[in-house]
Structure formats: C-alpha cells, structure tokens
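Trainee: Each residue of the sequence shown is one higher than the one before, counting from 2 in my numbering. Every residue, glycine too, gets a C-beta built ideally from N, C-alpha and C.
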Amino acid sequence: MLKEPIALQVFIHEDLSDYTKEDLYKRHFSWLAAEIEYITGRKMLIRLIEPSEARDLSSHPYQNLNERASLSA
2 MLKEPIALQV FIHEDLSDYT KEDLYKRHFS WLAAEIEYIT GRKMLIRLIE PSEARDLSSH
62 PYQNLNERAS LSA
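What follows is the structure, given as structure tokens:
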C-alpha cells in the first residue's frame, strides 16, 4: 500500500519579510521534515506561502500586549 505524503502549509507572516523562504526552511523546518519522515516513513511536503499570497493570514495581529486577554481566550 502506497503511503500518501504529509503536507504542511506554512503562512509566512509579514513580520518575517526580511527572511527568504529558503532560509526559513533551513532554519526552522528542515529538521521537522526529516523527523516526521523518519517517524512515519512518509514523505513530508512543506509549502511556505509568501505574505503576498495570503495577505489576510500574513498580516494577522498575533501579538497581544494584554496578558489577561491572552489567558482568557
């Protein structure tokens, strides 16, 4: 039986616009792909999506200055 690959789509936030997709992959995702492939025996596909390809997701206000609001969510 053929095992389907595991796919992960990563939306790059506009705050990371100084980094290239290649640099982000090498620094943060290459180890993950290797580990998941080793554990599952399946190929892992990681697609890094530029901010220009998904503006609403890439500009999401993820930072919260109010700790209480973060904990109550």
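Indicate the three-state DSSP secondary structure (helix, strand or coil) for I47 in the structure shown.
Mentor: As a working mapping, residue 47 is identified with position 46 in the sequence shown. Residue state, collapsed to three classes: strand.
Trainee: Once DSSP output is grouped into helix, strand and coil, what is the label at L66?
Mentor: On the sequence shown, residue 66 is found 65 positions in, with the first residue counted as 1. Correct three-state label for L66: coil.
Trainee: Which residues bound the alpha helix (DSSP H) around A8?
Mentor: Your numbering for residue 8 matches position 7 in the sequence shown. Segment I7 to F12 is the beta strand (DSSP E) holding A8; no alpha helix (DSSP H) there.
Trainee: Closest to S18 by C-alpha separation, out of N67, R69, L49 and E5, would be which residue?
Mentor: Start at 1 with the first residue of the sequence shown, and residue 18 comes out as number 17. Comparing Cα-Cα distances from S18 to each of N67, R69, L49 and E5, the minimum goes to L49.
Trainee: Please report the distance separating the alpha-carbon of S53 from that of S59.
Mentor: Position 52 of the sequence shown holds residue 53. Position 58 of the sequence shown holds residue 59. In a straight line, the C-alpha of S53 is about 8 Å away from that of S59.
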